[in-house]
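Chemist:
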């Protein structure tokens, strides 16, 4: 009976955790990521052996258009391109940033959202980089 | 005592299951892969113009968007981007007539129906135009894409889609050809 008493506290504590976790503010949810910052960057970033930022951005735009994205915003100085596409009832939004890396390379970083979810699946980003590689005739290099 | 242990174990298992389910977001795979018909879409959305004067083309693009009643949202001329949108009516007499008929039938049958509230009411069409020099640098390529969002009578989004109707794209490019001509003549 002693043992029973000792253990009966555990379900009760768990119950309280479940109960009170519901009260937490949802603002924090907007800043949550499942992957670590470093891993997320490596999933979303590739380096290319070119310094022609404008051409890279134009290729990013045409690749996004091939993927059914409608380009909403772009900025040459910042190197950003933002677009969205519809999949059934879901909206996919994507931002690409192109920036120089050293003297000889450009970094391309992509992040996408599917509905209210951030996309953190490596294969999905790889699909985009594969399409981009084909369009610009350069190899996308993994960045450590 | 054994019973208590079992109870506790199963409780923890159930609890873990709930926790794990809560974390897994099920996103579809492969939505950033080009579809099989992406080359056909290029044919639909792209035209080449025999000029290297990008400024002339992008000015004509802005002009034809205005001709079609669009409001400019964003532009970055260094990259040849113009994006615009337009609100429009989306009511369809056939759809409304059908819905009213359904509602009346339901009312006669003694039940309540609100099919008219599901009818399309308004839409926003978004257009995005990109101009750039062709690969050989002798022509200017224009690519336009359209998408639309439709709201129903209860102001709820009822449909989102990319527009793939060749007629709409043709209409845009006919207008663009005219605008290029008109602007060359300073009209």
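Residue numbers (my numbering), protein chains in the order written: chain A, 13 to 156; chain B, 320 to 506. Think of the CB as a built atom: it goes at the ideal place given N, C-alpha and C, for glycine as much as any other residue.
Give the residues of chain A in contact with residue 311 of chain B, contact being defined as C-beta atoms less than 8 Å apart.
Modeler: Look at the range of chain B in this structure, 320 to 506, and you will see that residue 311 of chain B is not part of it.
Chemist: Please report the distance separating the alpha-carbon of residue 316 of chain B from that of residue 388 of chain B.
Modeler: There is no way to answer for residue 316 of chain B, as the model of chain B reaches only from 320 to 506.
Chemist: Which residues mark the beginning and the end of the alpha helix (DSSP H) in which residue 145 of chain A is found?
Modeler: Counting along the chain, the alpha helix (DSSP H) containing residue 145 of chain A begins and ends at 134-148.
Chemist: Would you say residue 492 of chain B faces chain A, with C-beta separation under 8 Å as the test?
Modeler: No, residue 492 of chain B does not count as interfacial toward chain A.
Chemist: Return helix, strand or coil for residue 492 of chain B, following the three-state DSSP convention.
Modeler: If DSSP states are grouped into helix, strand and coil, residue 492 of chain B belongs with the helices.
Chemist: In the DSSP assignment, what are the bridge partners of residue 112 of chain A?
Modeler: Bridge partners of residue 112 of chain A: A/118.
Chemist: Please classify residue 71 of chain A: is it buried, with 16 or more other beta-carbons within 10 angstroms of its beta-carbon, or exposed?
Modeler: It is buried - the Cβ of residue 71 of chain A has at least 16 other Cβ atoms within 10 Å.
Chemist: Give me, in chain order, the residues of the same chain whose beta-carbon lies closer than 7 Å to that of residue 366 of chain B; leave out the 5 immediate sequence neighbours on both sides.
Modeler: So the qualifying residues of the chain are 461, 492.
Chemist: Can you pull the DSSP bridge partners for residue 368 of chain B?
Modeler: B/459.
Chemist: Mind pulling the chain A residues with CB within less than 7 Å of residue 357 of chain B?
Modeler: Ordered by position in chain A, the residues that pass the 7 Å Cβ test against residue 357 of chain B are 78.
Chemist: For the candidate residues A/88, A/90, A/96, whose alpha-carbon lies nearest to that of residue 82 of chain A?
Modeler: With distances taken between Cα atoms, residue 82 of chain A lies closest to A/96.
Chemist: Hey, could you find the ends of the alpha helix (DSSP H) residue 380 of chain B is sitting in?
Modeler: Residues 373-386.
Chemist: Below 7 Å, is the gap between the Cβ of residue 394 of chain B and the nearest heavy atom of the ligand HEM?
Modeler: The ligand HEM is absent from the structure shown, which contains no ligands of any kind.
Chemist: Determine the chain B residues that contact residue 70 of chain A at a beta-carbon separation under 7 Å, and present them in chain order.
Modeler: Under the 7 Å cutoff, chain B gives 398, 451.
Chemist: In chain order, what residues of the same chain have a beta carbon less than 6 Å from the beta carbon of residue 391 of chain B, not counting five sequence neighbours either side?
Modeler: Cβ neighbours of residue 391 of chain B beyond the five flanking positions: 403.
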